[in-house]
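Novice:
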Amino acid sequence: MGVVKREGLRNTVIYYSGVVLGYFTTLILLPKVLHEDQYGLVRVLAPYSGMLAYFFLAGMPNVIIRFFPYLKSKQKQHNGILFFAFSVTVVAIVITTAIFLIFRPGIIHFYSNKAALLVQYYYLLFPLAISSTIFEIFNAYCRAQLKTYFGAFLNEVLVRL
8 MGVVKREGLR NTVIYYSGVV LGYFTTLILL PKVLHEDQYG LVRVLAPYSG
58 MLAYFFLAGM PNVIIRFFPY LKSKQKQHNG ILFFAFSVTV VAIVITTAIF
108 LIFRPGIIHF YSNKAALLVQ YYYLLFPLAI SSTIFEIFNA YCRAQLKTYF
158 GAFLNEVLVR L
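With the sequence shown counted from 1, adding 7 to any position gets you my numbering.
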């Protein structure tokens, strides 16, 4: 079986498992376990931290995938592409976090009436976004090495568990 067929079959099983697991947790389990406002907070924190993570990434997953074939060398540890990606990402995290902290009063004022829990857990967005950023960098590195099933498993199944 070829690499593409094997990866495609693995990813298909993983994605369908993630859909079933997501249906169970999102529509059945979480509404029964959490209060309405807590459930809303969980449903808002994930996409907001994801949007923040895109600013943190500064396009590094695309850079890794685009230039990895040219830098591929196990003896030279792929010419430091992972170190470069994390270096740029750390700079982007510092700059973006500073911007979000400067504009915090305006953001808090905007959400204070309708989403009081989001205001209370505002600082939780940053560790969630940083963990998502780290995952995306490693996921791009794995995809560049044609190992897509591990990232798909983490993103589709493990996150939902």
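Backbone N, C-alpha and C fix where the C-beta goes; we use that ideal spot for every residue, glycine too.
1. Inspect the beta-carbon positions of D44 and L124 and report whether they are closer than 9 Å.
2. Y156 by DSSP, collapsed to three states: which one?
3. Alpha carbon to alpha carbon, how far is P2 from S119?
4. Identify whether R150 lies in helix, strand or coil by the three-state DSSP scheme.
5. Between the stretch 148-163 and the stretch 12-32, do three or more beta carbon pairs fall short of 8 Å?
6. Taking T32 and F63 to be in contact with their CB atoms under 8 Å, please state how far apart those CB atoms are, rounded to whole angstroms.
7. Report the residue ranges of all alpha helix (DSSP H) runs contained in full by the stretch 116-152; include only those spanning at least 4 residues, in chain order.
8. Could you give the distance in angstroms between the alpha-carbon of P134 and the alpha-carbon of R167?
Specialist: Put simply:
1. yes
2. helix
3. This structure cannot settle anything about residue 2, because the visible part of the chain is limited to 8 through 168.
4. helix
5. yes
6. With 8 Å as the limit, T32 and F63 do not qualify as a contact, their Cβ atoms being about 26 Å apart.
7. 123-127, 132-151
8. 18 Å
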